């Protein structure tokens, strides 16, 4: 997740979530430690309202701001219990807002079901993403249902 050519990016591996950092060795968080889903924010680590700070909105627009700024995956870990934030640098590719919501809903649903390890299976994740990418559901309920159908189809 993010631009692998920049200093910070997050990799979904079979053994867990790996945070790459530019000036330090990365950090691996095993899937079994992640609980209570994940939450995605763009542009600000702690935005005042919603999940996008001002920089997050600019980074998704065409022009000189595209691909600038950071995104963050927020999660609660167990053993020991702690809040953890994985930072990633944005890349120039634009992702529609619906795709960001799908990511948020997918990670929450899979983690809440005790199946976080599936996020580290590139074949499974690729099939689920392929099912979700062309969809254009309306509203939160429609998006949740689309994610549920995609996950169930790959069970």
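Numbering (the numbering used here), first residue to last: 1 to 155. No residue lacks a Cβ here, since even glycine has one placed at the ideal position from N, Cα and C. Computed from a predicted model, the values in this text were never measured in an experiment.
- [ ] Under 7 Å Cβ to Cβ from residue 150, same chain only, skipping five residues before and after it: list those, please.
- [x] The residue given as residue 150 occupies position 150 in the chain shown. By the criterion of a C-beta distance shorter than 7 Å, residue 150 is surrounded in its chain by 128, 131, 132, once the five residues flanking it on both sides are discounted.
Task: Nearest-angstrom beta carbon gap, residue 28 and residue 15 [assumed within contact, 8 Å] - done: The count along the chain shown starts at 1 and reaches residue 15 at position 15. The count along the chain shown starts at 1 and reaches residue 28 at position 28. So it is a contact: roughly 7 Å between Cβ atoms.
Open item on the list: Quick check on this structure: which residue in 91, 77, 140 has the alpha carbon closest to the alpha carbon of residue 105?
Closed with: Taking the first residue of the chain shown as position 1, residue 105 is located at position 105. With distances taken between Cα atoms, residue 105 lies closest to 140.
TODO: Note the first and the last residue of the continuous alpha helix (DSSP H) segment covering residue 84.
DONE: In the chain shown, residue 84 corresponds to position 84, counting from 1. Per DSSP, residue 84 lies in no alpha helix (DSSP H) segment; the continuous beta strand (DSSP E) that holds it begins and ends at 82 to 89.
Open item on the list: Taking 7 Å as the cut-off, is the beta-carbon of residue 6 closer than that to any non-hydrogen atom of the ligand ZN?
Closed with: Among the components of this structure there are no ligands whatsoever, and the ligand ZN is therefore not found.
Open item on the list: Could you compute how far the alpha carbon of residue 39 sits from the alpha carbon of residue 22?
Closed with: Here the question's residue 39 lines up with position 39 in the chain shown. Here the question's residue 22 lines up with position 22 in the chain shown. As the crow flies, the alpha-carbon of residue 39 is around 23 Å from that of residue 22.
- [ ] Let me know the secondary structure DSSP gives residue 117 once reduced to three states.
- [x] If you number the chain shown from 1, residue 117 lands on position 117. Note: residue 117 maps to helix in three-state DSSP.
Open item on the list: According to DSSP, simplified to helix, strand and coil, what is residue 25?
Closed with: The residue labelled residue 25 in the question sits at position 25 within the chain shown. Residue 25 carries a coil assignment under DSSP once its states are collapsed to helix, strand and coil.
Open item on the list: According to DSSP, residue 144 sits in a beta bridge with which residue or residues?
Closed with: Taking the chain shown and counting its residues from 1, one reaches residue 144 at position 144. Beta-bridge pairing links residue 144 to no other residue.
TODO: With DSSP collapsed to three states, give me the class of residue 139.
DONE: Taking the chain shown and counting its residues from 1, one reaches residue 139 at position 139. Residue 139: helix per DSSP, three-state reduction.
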